[in-house]
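Peer 1: Numbering (our numbering), first residue to last: 488 to 1011. Every residue gets a Cβ at the ideal spot worked out from N, C-alpha and C, and that includes glycine.
(1) For residue 879 and residue 923, which I take to be in contact (beta-carbon distance under 8 Å), what is that distance rounded to the nearest angstrom?
(2) When DSSP builds the beta bridges, which residues end up paired with residue 577?
(3) Between residue 1016 and residue 673, which are expected to be in contact by the criterion C-beta below 8 Å, what is the C-beta distance as a whole number of angstroms?
(4) Whose C-beta lies closer than 8 Å to the C-beta of residue 973 among residues of the same chain, with five residues either side of it excluded?
(5) Might you give, ordered along the chain, the residues of its own chain that have their beta carbon closer than 6 Å to the beta carbon of residue 579, omitting 5 neighbours on each side?
(6) Going by alpha carbons, who is nearest to residue 931 out of 920, 939, 523 and 823?
(7) For a test of the three-state rule: what should DSSP assign to residue 973, helix, strand or coil?
(8) Can you give me the C-alpha to C-alpha distance between residue 566 and residue 654, rounded to a whole angstrom?
(9) By DSSP's criteria, residue 917 is part of a beta bridge. Which residues make up the other side?
(10) Could you check if residue 642 is buried or exposed, using at least 16 other CB atoms within 10 Å of its CB as the buried criterion?
(11) In whole angstroms, what separates the C-alpha of residue 756 from that of residue 772?
(12) What's the gap between the Cα of residue 840 and the Cα of residue 788?
(13) When we look at the beta-carbon of residue 740 and count the other beta-carbons within 10 Å, is it buried (16 or more) or exposed?
(14) Going by C-alpha distance, which of 790, 867 and 838 is nearest residue 852?
(15) Let me check one thing: in DSSP terms, what residues is residue 817 bridge-paired to?
(16) Kindly indicate the opening and closing residues of the beta strand (DSSP E) around residue 935.
(17) Evaluate residue 1008 with the Cβ neighbour count: other Cβ atoms within 10 Å of its Cβ, from every protein chain shown; 16 or more gives buried, anything less gives exposed.
(18) Could you give the distance in angstroms between the alpha-carbon of residue 510 and the alpha-carbon of residue 768?
(19) Per DSSP, which one or two residues make a beta bridge with residue 1009?
(20) Per DSSP, residue 720 forms a beta bridge with which residues?
(21) Using a Cβ-Cβ cut-off of 6 Å (strictly less than) and excluding sequence neighbours within five positions of residue 806, which residues of its own chain qualify?
(22) Spatial neighbours of residue 869 within its chain, please: CB distance less than 7 Å, with the 5 preceding and 5 following residues excluded, ordered by chain position.
(23) How would you label residue 638, buried or exposed, when you count the other beta carbons within 10 angstroms and need 16 or more for buried?
(24) If you run the structure through DSSP and keep just helix, strand and coil, what is residue 678?
(25) Just tell me which of 729, 533 and 903 has its CA closest to the CA of residue 559.
(26) Take residue 940 and list the residues in its own chain whose beta-carbon comes closer than 6 Å to its own, dropping the five residues that flank it on each side.
(27) Going by beta-carbon coordinates alone, are residue 692 and residue 711 separated by less than 8 Å?
(28) Label residue 504 either buried or exposed according to how many other C-beta atoms from any shown protein chain fall within 10 Å of its C-beta, with 16 as the threshold for buried.
(29) Is the beta carbon of residue 871 closer than 8 Å to that of residue 899?
(30) Mapping DSSP to helix, strand and coil, what is residue 923?
(31) State the DSSP-derived secondary structure class of residue 983, mapped to helix, strand or coil.
(32) Taking only the alpha-carbon atoms, compute the straight-line gap between residue 858 and residue 822 and give it to the nearest angstrom.
(33) Which class does residue 805 belong to by DSSP, given the choice of helix, strand or coil?
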């Protein structure tokens, strides 16, 4: 049912409105059925209702009365054309009303919406929830919601905006009642109000709504009535749905807002489920790729060396993640054993790629009668050149003459080597300390020399062994490592397994923070 009124503001401004509905609150609150945006008017000042084909007025404010033809309203009063309502310092002139019905106040409760309309709204919600249980895609669901909104709420324009990974809100579904398809304008102030605060909004008249004060864009567009609901989950607003109409076409109500909020809640469930499904799929792909990378990296490590009459070698590498930046390598060429243990700064895929480069360079440079210091210099030049990522590698590498046990090694900023022998126990051989590989392109490396006695074992490791932590935050440290090497069995394979087990027991369930590598070389 409609009612035409003219509002006369205290400052002299006039505005005519056509009211629709059966039960409208009058007040300055933006969600009121008849908004009078004036400070002298209460938030909920009065109620207009329809019964028996007549309009009735009831005062809602106990401290700010409503006057009908200069008389304070005590209960329900019927309105007729020519009546003047005083609310604060504003006047509402009744210009037109249906044919008057009985003069007695209505006794039956006022219905907020007809049974037919309520049934249609419930039917829409049921359809949307049924769609959620099917394999419908997110774009199809959002299009369905807009289509059903247009069939019941009859807006002129509708748009669904979703938050992108970058944080901005972008339209993903739009609809117009008439005119060509194209972008639907939404006020930035309205977006901030709904998506920013996570609260629905009902705008009866954009020109008078306090929340949109100063928003020229929405006024220029001609939009006057707007209803918007956020798509919310536990992490905040995922987006919003906005329906709008221009002056004289459609004025939304609280019932319209309730329906839109219900459909926005349903849409939010699917948006979050789709996002979670996509994240799970991406994780599965990443985990599969990392598993392949792990297998490739482990396959790059040397196979157990065949039994040699002069030397026995064993090693272990335990990455902190699927792939890591530690490496070890060894091989026998003629009468020399070449070996390396290195640690790329960093962890993960990037460090693993760098590790592969260092290993390939070592294999290419360390051969024949090459000097260990020259091998270090050549590898250093290659990885220092164009090193935009500023990665560096600590390394301990060298060669041992099988017949004599003479060892030549270069320490490129690495952890000190350990020698275990019956004569001297456990000690560090004297090796000059040099800078890490990749730091100074033209650095001149110097090697150290010593003899590994028969029956003695050379042990190399990365700092993941000494830096291992337990649940209390204590580090394993060099002293515990030396003690573990001293107590381990003499066979290299048993030694590295035993020391690795001692480190793991020390961690006692704490997460491994760094790659751990151990290499043992025993002269027979």
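Peer 2: Taking the geometry as given:
(1) 4 Å
(2) 574
(3) The question about residue 1016 has no answer here: the residues shown for the chain are numbered 488 through 1011.
(4) 907, 912 and 913
(5) 492, 494 and 572
(6) 920
(7) helix
(8) 51 Å
(9) Its beta-bridge partners do not exist; DSSP assigns none.
(10) buried
(11) 24 Å
(12) 14 Å
(13) buried
(14) 867
(15) 826
(16) 935-938
(17) buried
(18) 50 Å
(19) 799 and 944
(20) 723
(21) 1002
(22) 848
(23) exposed
(24) helix
(25) 533
(26) 908
(27) yes
(28) buried
(29) no
(30) coil
(31) helix
(32) 14 Å
(33) strand
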